[in-house]
Amino acid sequence: MKRLAFILVLLFFSFTSSCSNSPELALKLPNEANPEANKHNDEGISHYNQGHYNEALKHFHMASEVDSRIGESHYNEAISLDALGRHGEATDHFFVARKYASGNLAILQSQILNAHAPMDREGS
Numbered sequence: 000m001k002r003l004a005f006i007l008v009l010l011f012f013s014f015t016s017s018c019s020n021s022p023e024l025a026l027k028l029p030n031e032a033n034p035e036a037n038k039h040n041d042e043g044i045s046h047y048n049q050g051h052y053n054e055a056l057k058h059f060h061m062a063s064e065v066d067s068r069i070g071e072s073h074y075n076e077a078i079s080l081d082a083l084g085r086h087g088e089a090t091d092h093f094f095v096a097r098k099y100a101s102g103n104l105a106i107l108q109s110q111i112l113n114a115h116a117p118m119d120r121e122g123s
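Residue numbers (numbering that gives the first Met the number 0): 0 to 123.
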């Protein structure tokens, strides 16, 4: 019985620790966003969800080229850059994402954003 309890506890901690390392979710653009930006963002989300971070980054970048004032596209660029290990560039986009978040709590309360771009740092 003790062995079973130990195994269950071990499995529980293994599962919860693996969940905390899961990638951030890419965000949809607001309904009023430019249709072309929306198209690129949706394509980026599809690639991001498959783990194709380089391809996702290209589409998220195109979405923010179409309209650079959409926080969600910068956030998506940032999480893609982070997944690729390009943390300095990710931090820059997290600051821009916060600037253009327009109250989106998914951005403003994001743990990864606040770890890269804390409010007390320059640029926030």
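Using N, Cα and C, we set each Cβ at its ideal position, and we do this for glycine too. None of these values were measured; they are calculated from a predicted model.
Query                                                                                                                                 : Result
Where residue 27 sits in the DSSP three-state scheme                                                                                  : coil
Residue 73 - containing alpha helix (DSSP H), residue span                                                                            : 70 to 82
Extent of the continuous alpha helix (DSSP H) run through residue 110                                                                 : 110 to 115
Pick from 52, 113, 60 that is closest to residue 90, judged by C-alpha positions                                                      : 113
Helix, strand or coil at residue 32 [DSSP, three-state]                                                                               : coil
Segment limits, alpha helix (DSSP H) that includes residue 91                                                                         : 86 to 98
Length-filtered (4 minimum) alpha helix (DSSP H) runs lying within the segment 39 to 67                                               : 52 to 65
Between the CA atoms of residue 111 and residue 40 - distance to the nearest angstrom                                                 : 20 Å
When 44, 116, 35 are compared against residue 86, the one with the closest alpha-carbon                                               : 116
Contacts around residue 44, its chain only, beta-carbon distance under 6 Å, and the 5 residues preceding and following it disregarded : 25
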